[in-house]
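**Q**
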Amino acid sequence: MYNRELKSPRYHHLELDEDGLRTFAETSVRQAYAGGFVRVVYAGKPCAALDAARGMGDTGEFRSFQLVIRRVERSTARAEMHAGMPMGEILRNYVAARPPANLDPARTLEALMRLVAEP
Numbered sequence: 002m003y004n005r006e007l008k009s010p011r012y013h014h015l016e017l018d019e020d021g022l023r024t025f026a027e028t029s030v031r032q033a034y035a036g037g038f039v040r041v042v043y044a045g046k047p048c049a050a051l052d053a054a055r056g057m058g059d060t061g062e063f064r065s066f067q068l069v070i071r072r073v074e075r076s077t078a079r080a081e082m083h084a085g086m087p088m089g090e091i092l093r094n095y096v097a098a099r100p101p102a103n104l105d106p107a108r109t110l111e112a113l114m115r116l117v118a119e120p
């Protein structure tokens, strides 16, 4: 009778931001997780490392690879609104709390006011 050492696969759960994902995408770092079950939860903006991570499941270096992308909220500002408030005031508060990206807030508010005013 003899003893044989068996190696079972490891389970790795990694929660990474943009810098962490960039580091994980490097081959030397990834080798520590080779042959195991890897689950990466990413919370950050789209980047080149994210594109590279999407293809890691097809490389065959992991027994299983799962990439979960968490949506990052852009703004937590709240607009004050309540029942009975005039629509113009609601729109002004909303645009002030969450200014539109790549658009002039004043022109956006003006367009919204025209939409509300039309029958």
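Its first residue numbered 2, the sequence shown is counted upward by one per residue in the working numbering. Even for Gly, the Cβ is constructed at its ideal location relative to N, Cα and C. Only a predicted model underlies this, so the values are computations on that prediction, with no experimental measurement involved.
Checking 8 Å against the spacing of the C-beta atoms, do V117 and P106 come in under that value?
**A** no
**Q** In three-state DSSP terms, what is E111?
**A** helix
**Q** Around the C-beta of A84, are 16 or more other C-beta atoms found within 10 angstroms, so that it is buried, or is it exposed?
**A** With fewer than 16 other Cβ atoms inside 10 Å of its own Cβ, A84 counts as exposed.
**Q** A49 by DSSP, collapsed to three states: which one?
**A** Under the three-state reduction of DSSP output, A49 falls in the helix class.
**Q** Are V42 and H13 touching if we call contact CB-CB under 8 Å?
**A** no
**Q** Would you check if there are 3 or more beta carbon pairs closer than 8 Å linking the segment 24-32 to the segment 44-64?
**A** yes
**Q** Going by Cα to Cα distance, which pick from G37, P10 and L68 is closest to D18?
**A** L68
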